[in-house]
Amino acid sequence: MALSQLLDCMLCGLRKQESTKETIPVSLLETKEVKLVPRTNRAFVVASKGTYGFQDDPFPEMEHDQEIIISNRATGLNPIDYKSVDYNFCLPSFPWITGREMAGVVEAVGSGVKDIKVGDHVWTSTYYRDRRAGTFQHFVTVPAHTVLPLPTNTTFTSAACLGVAGLTAAMTLWRWLGVALPSLPPAPQDTAETLLIWGGSTITGQFAIQIAKCSGLRVIAVTSAKTAPLARSLGAEVVIRDGKSNAEIVAEIQALSGNITKAIDLVGTKTAPFTMQTLSPSSPGRKIFAPLAMMSSKDTPPEHVDVVTVEMKQFVLDESCRGYAERLNGLVEGGWVRLPAIEVVDGGLGAVEGGLERLKTGEMGGVKLVVRF
(Lines of atoms letter the chains of each structure in order from A and count residues from 1; the text may use other names and numbers.)
(Lines give C-alpha, C1' and ligand atoms only; values in the text may rest on other atoms or scores of the structure.)
Protein backbone atom coordinates (compact mmCIF):
# COMPACT_ATOMS: atom_id res chain seq x y z
CA MET A 1 0.00 0.00 0.00
CA ALA A 2 1.33 3.39 -0.96
CA LEU A 3 2.18 5.85 1.83
CA SER A 4 -0.54 8.24 0.69
CA GLN A 5 -3.16 5.51 0.90
CA LEU A 6 -2.01 4.53 4.38
CA LEU A 7 -2.38 8.11 5.62
CA ASP A 8 -5.88 8.35 4.14
CA CYS A 9 -6.94 5.25 6.02
CA MET A 10 -5.62 6.56 9.33
CA LEU A 11 -7.44 9.85 8.89
CA CYS A 12 -10.64 8.04 8.00
CA GLY A 13 -10.42 6.00 11.20
CA LEU A 14 -9.96 9.09 13.33
CA ARG A 15 -13.01 10.72 11.74
CA LYS A 16 -15.12 7.68 12.54
CA GLN A 17 -14.00 7.71 16.20
CA GLU A 18 -14.85 11.39 16.56
CA SER A 19 -18.26 10.90 14.96
CA THR A 20 -19.16 8.20 17.47
CA LYS A 21 -18.30 10.27 20.59
CA GLU A 22 -21.29 11.14 22.79
CA THR A 23 -22.09 14.82 22.96
CA ILE A 24 -22.88 15.85 26.53
CA PRO A 25 -24.97 19.00 27.05
CA VAL A 26 -23.14 21.74 28.87
CA SER A 27 -25.95 21.88 31.41
CA LEU A 28 -25.16 18.31 32.49
CA LEU A 29 -21.44 18.86 33.03
CA GLU A 30 -20.32 18.61 36.65
CA THR A 31 -19.17 21.95 38.05
CA LYS A 32 -17.19 22.61 41.25
CA GLU A 33 -17.82 25.76 43.26
CA VAL A 34 -14.63 27.42 44.55
CA LYS A 35 -15.13 28.50 48.15
CA LEU A 36 -12.88 31.18 49.64
CA VAL A 37 -11.77 30.38 53.17
CA PRO A 38 -12.43 33.45 55.36
CA ARG A 39 -9.37 35.01 56.95
CA THR A 40 -9.18 34.81 60.71
CA ASN A 41 -7.37 36.79 63.34
CA ARG A 42 -5.73 34.71 66.07
CA ALA A 43 -5.52 36.44 69.46
CA PHE A 44 -4.10 35.84 72.93
CA VAL A 45 -6.91 36.92 75.21
CA VAL A 46 -7.77 37.53 78.84
CA ALA A 47 -10.51 34.90 78.83
CA SER A 48 -11.90 35.70 82.27
CA LYS A 49 -10.72 37.31 85.48
CA GLY A 50 -7.08 36.31 85.94
CA THR A 51 -7.02 33.70 83.16
CA TYR A 52 -5.61 33.62 79.63
CA GLY A 53 -6.56 31.77 76.47
CA PHE A 54 -6.55 31.91 72.66
CA GLN A 55 -9.31 32.88 70.29
CA ASP A 56 -9.82 33.02 66.52
CA ASP A 57 -11.76 36.13 65.49
CA PRO A 58 -12.82 37.20 62.00
CA PHE A 59 -10.41 39.39 60.08
CA PRO A 60 -10.95 42.93 61.45
CA GLU A 61 -13.17 45.48 59.78
CA MET A 62 -12.44 49.20 59.71
CA GLU A 63 -14.97 51.48 61.35
CA HIS A 64 -14.02 54.59 59.35
CA ASP A 65 -11.75 55.68 56.50
CA GLN A 66 -8.94 56.89 58.75
CA GLU A 67 -8.00 53.49 60.15
CA ILE A 68 -5.13 51.16 59.36
CA ILE A 69 -4.79 47.39 59.83
CA ILE A 70 -1.25 46.22 60.66
CA SER A 71 0.09 42.68 60.38
CA ASN A 72 1.95 42.05 63.63
CA ARG A 73 5.68 41.30 63.48
CA ALA A 74 6.78 42.19 67.02
CA THR A 75 5.09 43.35 70.21
CA GLY A 76 6.69 44.81 73.31
CA LEU A 77 5.81 43.43 76.75
CA ASN A 78 5.19 45.86 79.61
CA PRO A 79 4.33 45.57 83.32
CA ILE A 80 0.90 47.10 82.67
CA ASP A 81 0.09 44.04 80.55
CA TYR A 82 0.18 41.63 83.49
CA LYS A 83 -0.81 44.13 86.20
CA SER A 84 -4.11 44.86 84.44
CA VAL A 85 -4.88 41.13 84.56
CA ASP A 86 -3.63 40.49 88.10
CA TYR A 87 -5.52 43.48 89.53
CA ASN A 88 -8.44 43.43 87.08
CA PHE A 89 -8.34 46.91 85.58
CA CYS A 90 -8.38 48.26 82.00
CA LEU A 91 -10.43 45.21 80.97
CA PRO A 92 -13.83 46.45 79.73
CA SER A 93 -15.19 42.91 79.22
CA PHE A 94 -14.20 39.29 78.65
CA PRO A 95 -12.63 37.94 76.57
CA TRP A 96 -10.39 40.99 76.04
CA ILE A 97 -7.22 41.57 74.05
CA THR A 98 -4.45 43.51 75.75
CA GLY A 99 -1.00 44.64 74.60
CA ARG A 100 -0.13 48.27 73.95
CA GLU A 101 2.74 48.54 71.45
CA MET A 102 3.85 46.79 68.29
CA ALA A 103 5.65 47.02 64.98
CA GLY A 104 4.61 45.39 61.74
CA VAL A 105 3.61 45.66 58.09
CA VAL A 106 0.60 47.64 56.89
CA GLU A 107 -2.03 45.16 55.71
CA ALA A 108 -4.83 47.56 54.75
CA VAL A 109 -5.55 51.28 54.83
CA GLY A 110 -8.78 53.24 54.94
CA SER A 111 -9.79 55.27 51.90
CA GLY A 112 -8.97 58.53 53.69
CA VAL A 113 -5.39 57.61 54.61
CA LYS A 114 -2.89 59.53 52.48
CA ASP A 115 0.63 59.14 53.83
CA ILE A 116 0.76 55.41 54.61
CA LYS A 117 0.35 52.56 52.15
CA VAL A 118 0.03 48.79 52.19
CA GLY A 119 3.42 47.18 52.75
CA ASP A 120 4.90 50.02 54.83
CA HIS A 121 6.89 49.06 57.92
CA VAL A 122 5.43 50.89 60.90
CA TRP A 123 5.03 51.07 64.69
CA THR A 124 2.13 52.19 66.83
CA SER A 125 0.92 52.82 70.37
CA THR A 126 -2.61 51.76 71.25
CA TYR A 127 -5.47 52.46 73.67
CA TYR A 128 -6.89 49.60 75.72
CA ARG A 129 -10.57 50.50 75.19
CA ASP A 130 -10.57 49.30 71.57
CA ARG A 131 -10.35 45.50 71.47
CA ARG A 132 -9.23 45.65 67.83
CA ALA A 133 -6.16 47.63 68.92
CA GLY A 134 -4.81 45.17 71.47
CA THR A 135 -1.41 44.12 70.19
CA PHE A 136 -1.62 40.49 71.34
CA GLN A 137 -3.23 39.47 68.05
CA HIS A 138 -2.07 38.92 64.49
CA PHE A 139 -3.87 41.91 62.94
CA VAL A 140 -4.09 45.20 64.84
CA THR A 141 -6.50 48.00 63.85
CA VAL A 142 -5.67 51.57 64.87
CA PRO A 143 -6.30 55.22 63.89
CA ALA A 144 -3.99 56.42 61.11
CA HIS A 145 -2.53 59.29 63.15
CA THR A 146 -1.06 56.79 65.63
CA VAL A 147 0.93 54.93 62.97
CA LEU A 148 4.55 55.98 62.40
CA PRO A 149 7.17 54.68 59.95
CA LEU A 150 9.97 52.62 61.45
CA PRO A 151 13.11 54.76 61.83
CA THR A 152 15.51 53.58 59.14
CA ASN A 153 18.04 52.38 61.71
CA THR A 154 15.56 50.08 63.49
CA THR A 155 14.01 46.65 62.99
CA PHE A 156 10.56 45.37 63.92
CA THR A 157 11.86 44.02 67.22
CA SER A 158 13.86 47.09 68.22
CA ALA A 159 11.08 49.53 67.24
CA ALA A 160 8.50 47.56 69.24
CA CYS A 161 9.62 49.46 72.37
CA LEU A 162 8.74 52.91 71.03
CA GLY A 163 4.98 52.75 71.60
CA VAL A 164 5.02 52.57 75.40
CA ALA A 165 8.37 53.43 77.01
CA GLY A 166 9.64 55.73 74.28
CA LEU A 167 6.42 57.63 73.75
CA THR A 168 5.61 57.79 77.48
CA ALA A 169 8.99 59.35 78.24
CA ALA A 170 8.65 61.83 75.38
CA MET A 171 5.09 62.93 76.17
CA THR A 172 5.70 63.07 79.92
CA LEU A 173 8.58 65.47 79.39
CA TRP A 174 7.21 67.54 76.52
CA ARG A 175 3.48 67.61 77.25
CA TRP A 176 3.14 67.29 81.03
CA LEU A 177 6.44 68.51 82.49
CA GLY A 178 6.72 71.45 80.12
CA VAL A 179 10.15 70.58 78.72
CA ALA A 180 10.86 72.20 75.36
CA LEU A 181 11.01 69.92 72.32
CA PRO A 182 14.59 69.70 71.09
CA SER A 183 15.45 70.76 67.58
CA LEU A 184 16.81 68.28 65.03
CA PRO A 185 19.71 68.06 65.42
CA PRO A 186 19.47 68.99 69.12
CA ALA A 187 21.14 72.35 69.71
CA PRO A 188 23.38 72.85 72.75
CA GLN A 189 21.44 74.64 75.46
CA ASP A 190 21.54 75.17 79.19
CA THR A 191 18.17 75.44 80.89
CA ALA A 192 19.73 75.52 84.41
CA GLU A 193 17.07 73.00 85.40
CA THR A 194 17.59 69.55 86.85
CA LEU A 195 15.34 66.54 86.29
CA LEU A 196 15.28 63.67 88.78
CA ILE A 197 14.34 60.19 87.56
CA TRP A 198 13.81 57.60 90.30
CA GLY A 199 14.19 54.35 88.37
CA GLY A 200 16.55 55.64 85.72
CA SER A 201 17.51 52.25 84.29
CA THR A 202 13.96 51.19 83.52
CA ILE A 203 13.13 51.24 79.82
CA THR A 204 11.09 54.43 80.21
CA GLY A 205 13.85 55.89 82.36
CA GLN A 206 16.46 55.22 79.68
CA PHE A 207 14.40 57.11 77.12
CA ALA A 208 13.66 59.94 79.58
CA ILE A 209 17.35 60.49 80.41
CA GLN A 210 18.30 60.87 76.76
CA ILE A 211 15.32 62.98 75.71
CA ALA A 212 15.84 65.33 78.66
CA LYS A 213 19.51 65.70 77.81
CA CYS A 214 18.57 66.54 74.20
CA SER A 215 16.38 69.30 75.64
CA GLY A 216 19.25 70.70 77.70
CA LEU A 217 18.32 69.45 81.17
CA ARG A 218 20.71 68.14 83.77
CA VAL A 219 19.58 64.66 84.80
CA ILE A 220 20.05 62.79 88.08
CA ALA A 221 18.97 59.15 88.10
CA VAL A 222 18.44 56.74 90.99
CA THR A 223 19.49 53.21 90.02
CA SER A 224 20.98 50.02 91.40
CA ALA A 225 24.73 49.52 91.37
CA LYS A 226 24.27 46.93 88.63
CA THR A 227 22.54 49.32 86.22
CA ALA A 228 24.38 52.52 87.21
CA PRO A 229 26.87 52.24 84.29
CA LEU A 230 23.96 52.09 81.86
CA ALA A 231 22.37 55.29 83.22
CA ARG A 232 25.73 57.08 83.18
CA SER A 233 26.34 56.04 79.57
CA LEU A 234 23.07 57.75 78.64
CA GLY A 235 24.11 61.04 80.22
CA ALA A 236 22.78 60.93 83.78
CA GLU A 237 24.49 61.56 87.07
CA VAL A 238 23.72 58.57 89.26
CA VAL A 239 22.75 58.02 92.87
CA ILE A 240 23.02 54.33 93.76
CA ARG A 241 20.21 53.09 95.97
CA ASP A 242 21.75 49.82 97.21
CA GLY A 243 22.07 49.59 100.98
CA LYS A 244 20.51 53.01 101.63
CA SER A 245 17.24 54.16 103.08
CA ASN A 246 15.02 56.34 100.90
CA ALA A 247 15.74 59.27 103.22
CA GLU A 248 19.48 58.78 102.71
CA ILE A 249 18.97 58.70 98.95
CA VAL A 250 17.03 61.99 99.11
CA ALA A 251 19.82 63.63 101.09
CA GLU A 252 22.40 62.49 98.54
CA ILE A 253 20.31 63.82 95.67
CA GLN A 254 19.85 67.20 97.33
CA ALA A 255 23.59 67.42 97.92
CA LEU A 256 24.11 67.05 94.16
CA SER A 257 21.64 69.76 93.17
CA GLY A 258 19.64 72.42 94.93
CA ASN A 259 17.57 73.20 91.84
CA ILE A 260 15.58 70.09 90.98
CA THR A 261 12.50 71.48 89.26
CA LYS A 262 11.01 68.36 87.66
CA ALA A 263 10.82 64.75 88.79
CA ILE A 264 9.60 61.38 87.50
CA ASP A 265 9.06 58.29 89.64
CA LEU A 266 9.13 54.94 87.85
CA VAL A 267 9.24 52.63 90.86
CA GLY A 268 5.99 52.86 92.81
CA THR A 269 4.03 54.16 95.76
CA LYS A 270 6.88 53.66 98.26
CA THR A 271 9.28 55.95 96.37
CA ALA A 272 6.80 58.53 95.08
CA PRO A 273 6.74 60.65 98.30
CA PHE A 274 10.54 60.63 98.51
CA THR A 275 10.79 61.69 94.88
CA MET A 276 8.62 64.70 95.71
CA GLN A 277 10.90 65.58 98.61
CA THR A 278 13.82 66.08 96.20
CA LEU A 279 12.05 68.95 94.45
CA SER A 280 13.65 72.20 95.56
CA PRO A 281 11.41 74.51 97.61
CA SER A 282 13.91 77.38 97.67
CA SER A 283 14.28 78.05 93.95
CA PRO A 284 11.57 80.16 92.28
CA GLY A 285 8.63 78.68 90.39
CA ARG A 286 6.36 75.71 90.76
CA LYS A 287 7.90 72.24 90.73
CA ILE A 288 6.31 69.41 88.76
CA PHE A 289 6.12 65.72 89.63
CA ALA A 290 4.98 62.88 87.37
CA PRO A 291 4.27 59.63 89.29
CA LEU A 292 4.38 57.19 86.39
CA ALA A 293 4.29 54.12 88.66
CA MET A 294 1.32 55.28 90.76
CA MET A 295 1.08 57.36 93.90
CA SER A 296 -0.90 56.69 97.04
CA SER A 297 -3.93 58.88 97.58
CA LYS A 298 -2.71 59.26 101.18
CA ASP A 299 0.42 61.14 100.07
CA THR A 300 -0.05 64.90 100.13
CA PRO A 301 2.32 66.80 97.83
CA PRO A 302 4.32 69.70 99.29
CA GLU A 303 2.82 73.15 98.70
CA HIS A 304 5.38 74.02 96.01
CA VAL A 305 4.80 70.82 94.01
CA ASP A 306 2.24 70.22 91.27
CA VAL A 307 1.45 66.56 90.60
CA VAL A 308 0.51 65.84 86.99
CA THR A 309 -1.54 62.91 85.74
CA VAL A 310 0.05 61.45 82.63
CA GLU A 311 -2.67 60.08 80.35
CA MET A 312 -1.13 58.21 77.44
CA LYS A 313 -4.59 57.69 75.96
CA GLN A 314 -4.25 61.27 74.70
CA PHE A 315 -1.93 59.99 71.97
CA VAL A 316 -4.93 58.17 70.51
CA LEU A 317 -7.65 60.69 71.41
CA ASP A 318 -5.79 63.86 70.40
CA GLU A 319 -4.40 63.81 66.86
CA SER A 320 -2.02 66.69 67.61
CA CYS A 321 -0.02 64.32 69.84
CA ARG A 322 1.33 62.69 66.69
CA GLY A 323 3.91 65.48 66.66
CA TYR A 324 5.54 64.01 69.78
CA ALA A 325 5.94 60.64 68.09
CA GLU A 326 7.37 62.25 64.98
CA ARG A 327 9.97 64.12 67.04
CA LEU A 328 10.82 60.91 68.90
CA ASN A 329 11.27 59.18 65.54
CA GLY A 330 13.64 61.94 64.47
CA LEU A 331 15.75 61.64 67.61
CA VAL A 332 16.02 57.86 67.19
CA GLU A 333 16.78 57.97 63.48
CA GLY A 334 19.41 60.67 64.00
CA GLY A 335 21.15 58.59 66.66
CA TRP A 336 20.56 61.10 69.47
CA VAL A 337 18.37 58.63 71.37
CA ARG A 338 19.66 55.10 71.74
CA LEU A 339 17.20 52.24 71.96
CA PRO A 340 17.43 49.88 74.93
CA ALA A 341 18.93 46.41 74.75
CA ILE A 342 16.30 44.04 73.36
CA GLU A 343 15.75 40.41 74.31
CA VAL A 344 13.72 38.76 71.56
CA VAL A 345 11.38 35.91 72.44
CA ASP A 346 10.31 33.85 69.44
CA GLY A 347 6.98 32.07 69.31
CA GLY A 348 4.44 34.79 68.62
CA LEU A 349 1.25 34.68 70.64
CA GLY A 350 2.27 31.43 72.30
CA ALA A 351 5.21 33.17 73.95
CA VAL A 352 3.32 36.11 75.46
CA GLU A 353 2.24 34.52 78.75
CA GLY A 354 5.71 33.18 79.50
CA GLY A 355 7.20 36.57 78.70
CA LEU A 356 4.84 38.32 81.09
CA GLU A 357 5.87 35.89 83.83
CA ARG A 358 9.48 36.86 83.15
CA LEU A 359 8.61 40.52 83.62
CA LYS A 360 7.04 39.82 87.00
CA THR A 361 10.41 38.80 88.40
CA GLY A 362 11.57 42.41 88.04
CA GLU A 363 15.04 41.24 87.08
CA MET A 364 15.32 42.45 83.50
CA GLY A 365 18.22 44.78 84.33
CA GLY A 366 17.28 47.46 81.80
CA VAL A 367 16.59 44.97 78.99
CA LYS A 368 13.38 45.18 76.98
CA LEU A 369 11.41 41.98 76.30
CA VAL A 370 9.89 41.74 72.83
CA VAL A 371 7.88 38.87 71.32
CA ARG A 372 8.56 38.16 67.64
CA PHE A 373 5.86 36.78 65.32
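Reading the sequence shown from the start, the letters are residues 170 to 542 in my numbering.
Every residue, glycine too, gets a C-beta built ideally from N, C-alpha and C.
Restricting attention to beta strand (DSSP E) runs no shorter than 3 residues, the stretch 401–439 encloses them at 406–409 and 429–434, ordered along the chain.
By the C-beta density criterion, G519 is exposed, having fewer than 16 other C-beta atoms within 10 angstroms. Rounded to the nearest angstrom, the gap between the Cα atoms of V214 and T363 is 42 Å.
With respect to the 8 Å criterion, N210 and D226 are classified as neighbours on the basis of their beta carbons. Rounded to the nearest whole angstrom, the C-alpha separation of E532 and S280 is 45 Å. Where K456 is concerned, the enclosing beta strand (DSSP E) starts and stops at K456 to P460. Take D468, set aside five residues on each side of it, and the residues of its chain with a beta-carbon closer than 7 Å to its own are A441 and P442, in chain order. Within the DSSP secondary-structure output, N210 pairs in a beta bridge with D226. Per DSSP, L336 lies in no beta strand (DSSP E); the unbroken alpha helix (DSSP H) holding it starts and ends at L336 to M340. When secondary structure is reduced to three states using DSSP, W343 falls in the helix class. One thing to note: P207 has its Cβ no nearer than 8 Å to the Cβ of F308. Around the beta-carbon of N247, 16 or more other beta-carbon atoms lie within 10 Å, marking it buried.
Under DSSP, G273 takes part in a beta bridge, and its partners are N241 and V291. Residue range F308 to P312 is occupied by the beta strand (DSSP E) that includes V309.
Here the alpha carbon of S402 sits roughly 14 Å from the alpha carbon of S393. When DSSP states are grouped into helix, strand and coil, E526 belongs to the helix group. Of F542, C330, Y256 and P312, the smallest CA-CA separation from K283 is found for P312. Non-local beta-carbon contacts of K439 in its own chain, meaning distances under 8 Å to residues more than five positions away in sequence, involve N415 in chain order. Looking only at E270, L319 and V348, the smallest Cα-Cα distance to T310 is reached by E270.
The beta carbon of L461 lies closer than 8 Å to those of T337, T341, T373, I433, D434, L435 and V479 in the same chain, with the five residues before and after it left out. A contact between stretches requires three or more CB pairs, one per stretch, nearer than 8 Å, and the stretch 343–356 meets this requirement with the stretch 376–384. In the three-state reduction of the DSSP assignment, I378 falls in the helix class, which pools H, G and I. Minimum Cα-Cα distance from G368 among the listed residues R300, D411 and E236 corresponds to D411.
In the three-state reduction of the DSSP assignment, K537 falls in the strand class. With a beta-carbon spacing of about 16 Å, I418 and V388 fall beyond the 8 Å limit used to define contacts. Membership of D475 in any alpha helix (DSSP H) is not indicated; the residue belongs instead to the beta strand (DSSP E) covering V474 to V476. Taking R455 as the centre and dropping the five residues before and after it, the same chain places the C-beta of H473 and D475 closer than 7 Å to its C-beta, in chain order.
Here L497 is actually not in contact with A349; their C-beta atoms are around 15 Å apart, not less than 8 Å. Note: T392 is bridge-paired with I409 in the DSSP secondary-structure output.
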